[in-house]
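Participant: The letter at position 33 of the sequence shown is residue 33 when you use full-length UniProt numbering, and the numbering goes up by one with no holes. Glycine is no exception: its CB is placed at the ideal position from the N, C-alpha and C atoms. These figures come from a predicted structure and were not determined experimentally.
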Amino acid sequence: MNILITIGVILVVVIAYIGINALRLKKAVTNLTQEQFIEGYRKAQLIDVREQKEFDAGHILGARNVPSTTLRQRYKEIRPDLPVYLYCQNTGRSSRAAMFLKKRGYNQIYQLQGGFRTWTGKIKSKKQI
1 MNILITIGVI
11 LVVVIAYIGI
21 NALRLKKAVT
31 NLTQEQFIEG
41 YRKAQLIDVR
51 EQKEFDAGHI
61 LGARNVPSTT
71 LRQRYKEIRP
81 DLPVYLYCQN
91 TGRSSRAAMF
101 LKKRGYNQIY
111 QLQGGFRTWT
121 GKIKSKKQI
């Protein structure tokens, strides 16, 4: 019986944690469809938070690479007074980056719904030698 109670408590804690994170994320970032993303990203800072190797393999035309692993050191390169359009491969890293930036006073944060894997617009890639 104690095992069932323990499992129940753990389950409640996990569900609460997921719910709280979902609410925090909803307040931190606005998800945009590809069409909405295209409408606004040229007037904003377009940031690819994937690693350099992923960025070099292909990225949205006009994007700047600030990998999520270096964001804590480089976030001041991103202006807080302009909209920030984020994307990664799926949305996991860009969601975490959005929450990080929100905590530091950035208010206009948007991310590409579905991430780069769903992107069908123009891309640029570095040629392999």
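What is the DSSP secondary structure of ARG64, reduced to helix, strand or coil?
Facilitator: Residue state, collapsed to three classes: strand.
Participant: Three-state secondary structure (DSSP) at LYS124?
Facilitator: Of the three classes helix, strand and coil, the one that applies to LYS124 here is strand, per DSSP.
Participant: Along the chain, which unbroken stretches of the alpha helix (DSSP H) at least 4 residues long are found entirely within the region 54–115?
Facilitator: Taking only runs of at least 4 residues, the alpha helix (DSSP H) segments lying wholly in the region 54–115 are 71–74, 92–103.
Participant: Between the C-alpha atoms of PRO83 and THR120, what's the straight-line distance to the nearest angstrom?
Facilitator: Near 22 Å, if we compare the C-alpha coordinates of THR120 and PRO83.
Participant: Does the region 109–123 come within contact of the region 33–44, defined as at least 3 CB pairs closer than 8 Å?
Facilitator: In short, these stretches touch, since the Cβ pair count reaches three.
Participant: Going by DSSP, name the residue or residues bridged to GLN45.
Facilitator: DSSP output for GLN45 lists VAL84 as bridge partner(s).
Participant: Can you say whether SER95 is buried or exposed, counting buried as having 16 or more other CB atoms within 10 angstroms of its CB?
Facilitator: Burial call: buried.
Participant: Which one or two residues does DSSP pair with ASN31 in a beta bridge?
Facilitator: Paired residues: GLN111.
Participant: Using 8 Å for Cβ pairs, my map puts ILE109 next to VAL29. What's the rounded Cβ distance?
Facilitator: About 5 Å; that satisfies the 8 Å criterion.
Participant: Verify whether the separation of the beta carbon atoms of LEU86 and ARG64 is less than 8 Å.
Facilitator: No, the Cβ-Cβ distance between LEU86 and ARG64 is not below 8 Å.
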